[in-house]
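Asker: The opening residue of the sequence shown carries number 1 in full-length UniProt numbering; numbering runs sequentially from there.
Glycine residues also receive a C-beta, built at the ideal position from the N, C-alpha and C atoms.
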Amino acid sequence: MATLLYRLGRGALRRRRLVVTLWLVALIGLGGAAALFRGPTSSDFTMRGTESQEALDLLAKEFPAASGATGTIAVKAPADGQLGTPAGQAVVRELVQEAGTLPGAVGAVDPFQAGAVSPNARYALVQVQFAGGADEVTDEQREAYEKVGERAESQGYQIAPGGEVLNAEPEVGSTEALGVLVALIVLVVTFGSLVAAGMTMLNALIGVGAGMAGLYALSAVIDLTSTAPILALMLGLAVGIDYSLFITSRYRQNLLSGLSPEEAVGRAVGTAGSAVVFAGATVVIALAGLAVVNIPFLTVMGLAAAGTVTVAVLVAITLQPALLGFAGNRVLPRRLRAAVPAKVGTPAKEGRSAEVGTSAGEGTSAEVGAEAAAAAEDRSGFGFRWARWVTRLRIPVILAGLLGLGLLAVPTTDMRLALPDAGTAPVGSPARTSNDLITEGFGPGFTGRLVVVVSGDSAEQAAAALPRVTQEIQGTEGVLAVAPPQLSPDGRTALLAVIPKTGPTDQATETMVHDIRGAVGGIDGVDVLLTGVTAIGIDVSEKLADALPVYLLLVVGLSVLLLMLVFRSILVPVKAALGFLLTVAATFGITVAVFQQGTLADLVGLDTPGPLISFLPILLIGILFGLAMDYEVFLVSRMREDFVHGDTAAQATINGMGHGARVVTAAALIMISVFGGFVFLDDPVIKSMGFALAIGVAIDAFVVRMTIVPAVMSLLGDKAWWLPRWLQRTLPNVDIEGEGLRAHLDEKATTGAR
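#1: Any idea what DSSP makes of Arg219, helix, strand or coil?
#2: Assign Gly107 to one of three DSSP states: helix, strand, or coil.
#3: Go ahead and pull the three-state DSSP assignment for Pro78.
#4: List the endpoints of the continuous alpha helix (DSSP H) containing Pro611.
#5: Nearest to Gly49 by CA position, among Leu529, Leu581, Ala459 and Pro617, is which residue?
#6: Quick one: measure Cβ to Cβ for Ala160 and Ser434, integer angstroms, because I've assumed they're closer than 8 Å.
#7: Whose C-alpha, out of Leu624, Gln728 and Ala661, is nearest the C-alpha of Val283?
#8: Could you pull the start and end residues of the beta strand (DSSP E) that Ala124 belongs to?
#9: For Ile28, count neighbouring Cβ atoms within 10 angstroms of its own Cβ and tell me buried if that reaches 16, exposed if not.
#10: Counting Cβ pairs closer than 8 Å, one from the segment 393-411 and one from the segment 702-709, do we hit at least three?
#11: Taking the alpha-carbon of Gly183 as reference, which of Trp722, Pro430 and Ala666 has the nearest alpha-carbon?
#12: Which residues bound the alpha helix (DSSP H) around Ile159?
#13: If you run the structure through DSSP and keep just helix, strand and coil, what is Thr502?
#14: From Ile621 to Met301, what does the alpha carbon distance come to, in whole angstroms?
#15: Once DSSP output is grouped into helix, strand and coil, what is the label at Thr101?
#16: With DSSP as the reference, label Ile295 as helix, strand or coil.
#17: How about the segment 117-130 and the segment 94-107: do they share at least three Cβ pairs that are nearer than 8 Å?
#18: Ends of the beta strand (DSSP E) at Ser226?
#19: Give, in chain order, every unbroken run of the beta strand (DSSP E) that is at least 3 residues long and sits entirely within the segment 380-460.
#20: Taking DSSP as the reference, what is the three-state secondary structure of Pro347?
#21: Pick helix, strand or coil for Gly525, following the three-state DSSP scheme.
#22: Which of the three DSSP states, helix, strand or coil, is assigned to Ala69?
#23: When you compare each of Ser673, Ala69 and Lys61 to Ala131 by their alpha carbons, which one comes out closest?
#24: Per the contact definition of three or more C-beta pairs closer than 8 Å, is the segment 503-519 in contact with the segment 82-90?
#25: Pick from Gly658, Asp630, Met629 and Leu627: whose alpha carbon is nearest that of Asp642?
#26: Return the residue from the list Thr308, Val117, Gly605 and Leu495 that minimises the CA-CA distance to Ala425.
#27: What residue does the alpha helix (DSSP H) around Val572 start on, and which one ends it?
#28: Within 10 angstroms of the Cβ of Gly115, are there 16 or more other Cβ atoms? Answer buried if so, exposed if not.
#29: How should Gly357 be labelled, buried or exposed, when 16 other C-beta atoms within 10 angstroms of its C-beta is the threshold for buried?
#30: Any idea what DSSP makes of Ala196, helix, strand or coil?
#31: Which same chain residues, not among the five before or five after Val427, have their C-beta less than 7 Å away from its C-beta?
#32: Where does Gln487 fall in DSSP's three states?
#33: Would you check if the distance between the CB atom of Gly207 and the CB atom of Arg16 is smaller than 8 Å?
#34: Here's the rule: buried if 16 or more other CB atoms are within 10 angstroms of the residue's CB, otherwise exposed. What is Phe37?
#35: Assuming contact is defined by CB atoms lying nearer than 8 Å, are Phe567 and Val636 in contact in what I supplied?
#36: Does the segment 412-421 come within contact of the segment 533-540, defined as at least 3 CB pairs closer than 8 Å?
In structure tokens, the structure reads:
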């Protein structure tokens with residue numbers, strides 16, 4: 001692989017104008033396709049094979065008018081009893097008439113006829129039925145719905161439209177640009193060169209632009225959930241910047257070693273590029289592996305993010321070397337530029353040392369200069385000092401790391417999963433205002449009503465079963481009320497609205513749902529199915545929770561196999577997998593403490609703590625696995641490289657940390673900045689995803705990979721690289737450390753080949 005990428009890097013630099021032109025054409029073409037073919041995103045998190053989805057399918061067939069999106073308008077009068085007066089009733093009926101004629105609405109229900117008026121006659125609920133589903137409601141229809149009741153408000157009434165009709169795609173605004181700005185600052189500090197920082201950022205932005213444009217171009221033929229593009233943008237930006245950073249950093253090291261720009265690019269792509277390809281492949285495999293869970297919306301999210309990561313890898317190994325060809329030695333700080341060749345074709349390229357990679361003193365020392373050589377060989381930096389300290393105190397470091405991460409993981413045992421509801425929406429948003437008003441006037445159960453569908457082979461069977469079904473439901477603990485049944489035109493299907501005493505994401509509501517299903521499941525002659533937003537959320541969360549151990553086992557097993565292939569070792573992959581489990585456990589613990597238990601919630605702008613979004617844990621495992629393997633590969637591959645080339649295991653560990661600490665620190669800070677930028681969004685789902693990813697990267701990079709890993713590697717010594725001979729012969733050699741590339745270059749130097 002290293003030799004192939006070495007040739008690719010040199011070829012991209014030599015034909016840099018063509019490469020840049022092709023990428024710009026691709027970006028423009030994909031952008032045009034996105035503009036022409038972009039389809040709507042979906043907020044549908046249902047899944048086949050669940051009782052709630054089966055009931056929805058039956059409703060669409062038997063009650064087509066009730067299968068569209070619904071809205072609930074909460075009304076609060078200025079004083080108690082006012083809705084019982086003729087004037088108050090006139091205000092509400094005028095509101096009902098206005099709501100029933102809204103664009104996209106098929107009708108509205110009079111709360112006086114439906115009994116949706118509070119006992120104190122101050123609150124009322126107006127149900128509005130729309131023709132299309134929540135994803136089919138247009139922005140114009142949603143805007144008109146939000147403005148309903150302006151006349152009533154002028155008379156002192158509080159009108160709060162809510163319900164699923166308000167579901168909309170979360171918007172990415174200027175706050176996320178703060179993360180990109182911080183990432184740019186980190187690049188400038190790391191490189192000491194505006195050219196290097198700007199070029200790296202430009203490369204990443206072109207990659208994420210192409211990836212996102214391609215994703216939106218495909219949205220006309222695939223159902224994208226509203227969070228899929230956000231996740232793809234998060235990962236595309238983060239890994240795009242990081243992958244370009246790794247290659248640029250190695251290119252700078254090669255320049256300071258006396259190589260010509262062309263040779264420096266070739267070797268950077270051959271070595272750091274090999275690590276980028278492998279790291280990117282692990283991220284893609286982990287995300288694509290979400291398909292094995294067999295949950296459609298999760299599969300789409302994983303594949304969408306995997307697509308942007310793939311584009312980021314391609315950009316890093318093709319466009320990046322081309323841009324480096326234009327930059328030449330300007331990627332270095334000014335004080336070092338005079339010591340190295342300025343551009344492709346300068347005399348240093350002609351020298352033998354540029355071809356074979358010998359030190360600066362073998363033929364090009366006059367050009368390289370003492371300062372550059374010293375910079376390239378400096379072992380007094382923080383990375384080397386940190387590595388020596390960690391390896392010297394390895395036992396206390398390992399114990400402290402394990403204890404600290406273990407304590408952070410404790411809240412994980414209290415983790416609860418659910419789909420988001422309006423009760424956790426940002427304070428002041430229309431959905432939250434309506435939810436709070438309904439809870440204030442009627443109780444929390446009215447914000448998460450359930451629907452029971454009773455279906456029989458004949459109208460007589462359905463009618464005969466309804467009394468018993470109603471009785472069983474009313475006798476279930478946690479049920480507040482059961483509304484009279486609504487019959488389909490043929491009488492074979494009936495709907496019963498069930499009001500729980502507790503809110504949609506309350507543990508007691510989940511227990512009540514299971515109790516109802518258990519009570520009515522054995523009634524002869526009819527099928528009784530429970531659905532509604534609350535039931536859907538419970539079913540989805542339970543299916544995801546059941547899939548979590550299977551996916552975790554798949555990811556851990558995959559990490560061991562992949563790292564065994566790369567590092568040709570058994571203990572290194574096992575150590576990496578255990579480190580990943582520590583990262584995941586601690587990340588879950590902190591996220592639960594903040595978003596579910598409310599600890600320091602104000603610091604992230606969270607108004608109301610609640611259960612974690614049901615797909616966050618399984619998604620977090622897939623993403624953190626890929627990112628954790630990034631840092632494992634970038635650090636340990638350098639250790640492996642030095643060990644293979646003759647260093648002792650202890651010195652190779654120090655060298656790997658010394659050379660990699662600065663760039664991994666920068667890469668981690670960039671990822672934390674990008675992910676952290678999404679914490680400023682109001683949407684609690686995106687906020688929790690950005691927070692968990694940022695915390696996970698911080699823990700994995702700084703605690704696990706840069707602290708525990710070198711301590712463990714130092715403790716293992718030579719045993720870290722042990723592999724049975726039969727397994728050595730079986731495993732293919734992917735040569736990520738560039739041993740084959742070095743042999744190839746030595747052979748070229750011996751034969752005089754160019």
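Answerer: On the basis of the supplied data:
#1: It is Ser, not Arg, that sits at residue 219 in the sequence shown. Looking at Ser219 - three-state DSSP - the assignment turns out to be coil, as it is neither helix nor strand.
#2: For Gly107, the three-state secondary structure derived from DSSP is strand.
#3: Here Pro78 sits in coil by DSSP.
#4: Looking at the DSSP string, Pro611 is not in any alpha helix (DSSP H), and its letter there is neither H nor E.
#5: Just measuring C-alpha positions, the residue of Leu529, Leu581, Ala459 and Pro617 sitting nearest Gly49 is Leu529.
#6: Contact flag correct, Cβ pair sits at about 4 Å.
#7: Ranked by how close their Cα comes to the Cα of Val283, the residues Leu624, Gln728 and Ala661 have Leu624 in first place.
#8: Tyr123 to Phe130 is the span of the beta strand (DSSP E), which, as asked, contains Ala124.
#9: Per the 10 Å Cβ criterion, exposed.
#10: Touching, yes, given that three or more Cβ pairs across the two stretches are closer than 8 Å.
#11: Looking at the sequence shown, residue 183 is not Gly but Ala. The shortest C-alpha separation from Ala183 is found at Ala666.
#12: Run containing Ile159: none in the alpha helix (DSSP H); it sits in the beta strand (DSSP E), Gln158 to Gly162.
#13: In this structure, Thr502 counts as coil in the three-state DSSP scheme.
#14: Between the alpha carbons of Ile621 and Met301 lies a gap of roughly 14 Å.
#15: Thr101 carries a coil assignment under DSSP once its states are collapsed to helix, strand and coil.
#16: In the three-state reduction of the DSSP assignment, Ile295 falls in the coil class, being assigned neither a helical nor a strand state.
#17: Two segments are said to touch when three or more pairs of C-beta atoms, one from each, lie closer than 8 Å; by this definition the segment 117-130 touches the segment 94-107.
#18: Where Ser226 is concerned, there is no enclosing beta strand (DSSP E), given that its DSSP letter is neither H nor E.
#19: Listed in chain order, the complete beta strand (DSSP E) runs (minimum 3 residues) inside the segment 380-460 are 450-456.
#20: In this prediction, Pro347 has a pLDDT of 41, which is less than 50 and means its spatial position is unreliable; what the coordinates show is noted afterwards. Pro347: helix per DSSP, three-state reduction.
#21: The three-state secondary structure of Gly525, taken from DSSP, is coil.
#22: Of the three classes helix, strand and coil, the one that applies to Ala69 here is coil, per DSSP.
#23: Here the closest residue by C-alpha is Ala69.
#24: No, the segment 82-90 is not in contact with the segment 503-519.
#25: Looking at the Cα atoms, Gly658 is the closest of the given residues.
#26: Nearest C-alpha to Ala425: Gly605.
#27: For Val572, the enclosing alpha helix (DSSP H) covers residues Leu571 to Thr591.
#28: Exposed, because fewer than 16 other Cβ atoms sit within 10 Å of the Cβ of Gly115.
#29: For Gly357, the predicted structure reports a pLDDT of 37, less than 50, and the residue's modelled location is therefore unreliable. A value from the coordinates is still provided. Counting every other CB atom within 10 Å of its CB across the protein chains shown gives Gly357 a total of 16 or more, marking it as buried.
#30: Here DSSP, grouped into helix, strand and coil, assigns Ala196 to helix.
#31: The residues Asp607, in chain order, have a CB closer than 7 Å to that of Val427 in the same chain once the five nearest residues on each side in sequence are set aside.
#32: According to the sequence as given, residue 487 is Leu; it is not Gln. When secondary structure is reduced to three states using DSSP, Leu487 falls in the strand class.
#33: For Gly207 and Arg16, no; Cβs fall outside 8 Å.
#34: So Phe37 ends up on the exposed side.
#35: Cβ distance < 8 Å, so Phe567 and Val636 count as in contact.
#36: The segment 533-540 and the segment 412-421 touch, with three or more beta-carbon pairs separated by less than 8 Å.
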